[in-house]
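Numbering (UniProt numbering), first residue to last: 1 to 174.
Note that CB positions come from ideal geometry on N, CA and C, so glycine has one too.
To start, the structure under review is shown below, and the notes come after it.
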C-alpha cells in the first residue's frame, strides 16, 4: 500500500513539474515578438565592431535599411561594395544603412571592414536580433520607414549603386 501511495505521489509530482515547465515556456514564447511587415520594427541594441552601441529606436524619423550579411557570403561582399559606392556618391541625413553580421567571426569581420574602409555601421549580432527578425540566410534586408514601421523584407542581394533603386525605395517608404 505504501508503495502505491509513493508511486502515485511521485507521478503526481512529475506531472506538476512537467506542467509548470510547459506553462512557463509557453508564457516566455508568447512574450517574444517577432518582426512583422506593417508593424513596428522590433527595437534592439547592438555593438559595432569598435564597441560603440547602436539602438534602432534612435533612428526614428529616418529611413533605416537593416541589412544582415556575413563575410563568408560572396553576394554579401558584393552588396557591401555597392552600399559603399552608393554612400560615396550620395549623402543623405534621412537614410541610414545598419548592417548586422550574421553567424560570423567578429575578428574576421573587423579585418574585412578595416581593409574595405566601410563608412556604414557594422553591428555584431549574438543571434538574438537575426532570430527576432526571422533571418534564415544572407543577405536579407529590411526596410523601415520614418515612423519605425517595417515595410519590406528583401531576400537576396541588392545593387545599391543602381541609380534607380534608392529613389524607388524612398517612394515605397514614404
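{"Item": "Contiguous beta strand (DSSP E) assignments of at least 3 residues, all confined to the region 71 to 125", "Value": "95 to 101 and 122 to 124"}
{"Item": "Helix, strand or coil at residue 39 [DSSP, three-state]", "Value": "coil"}
{"Item": "Burial state of residue 80, where buried means 16 or more other Cβ atoms lie within 10 Å", "Value": "buried"}
{"Item": "Rounded separation between residue 35 and residue 141 - CA only", "Value": "12 Å"}
{"Item": "Range covered by the alpha helix (DSSP H) that runs through residue 50", "Value": "Looking at the DSSP string, residue 50 is not in any alpha helix (DSSP H), and its letter there is neither H nor E."}
{"Item": "The region 77 to 97 in contact with the region 109 to 124 per 3-pair CB rule at 8 Å", "Value": "yes"}
{"Item": "Rounded distance between the beta-carbons of residue 85 and residue 76, thought under 8 Å", "Value": "Their Cβ separation, rounded to whole angstroms, is 15 Å, which puts residue 76 and residue 85 out of contact at 8 Å."}
{"Item": "For residue 165, three-class secondary structure by DSSP", "Value": "helix"}
{"Item": "Bridge partner(s) assigned by DSSP for residue 65", "Value": "97 and 143"}
{"Item": "Buried versus exposed, by CB contacts within 10 Å (16 or more), residue 41", "Value": "buried"}
{"Item": "Distance between residue 50 and residue 59 (C-alpha atoms, nearest Å)", "Value": "20 Å"}
{"Item": "For residue 60, the residue or residues it bridges with in DSSP", "Value": "Answer by DSSP bridge pairing: none, since residue 60 is not bridged."}
{"Item": "Residue 135 - containing alpha helix (DSSP H), residue span", "Value": "First-last for residue 135: undefined, no H or E at that position."}
{"Item": "Start-to-end residues for the beta strand (DSSP E) that takes in residue 154", "Value": "150 to 155"}
{"Item": "Sequence-distant residues of the same chain with beta carbon closer than 8 Å to residue 48, five excluded per side", "Value": "54, 121, 122, 123 and 124"}
{"Item": "Separation of residue 115 from residue 170, as counted between CA atoms", "Value": "30 Å"}
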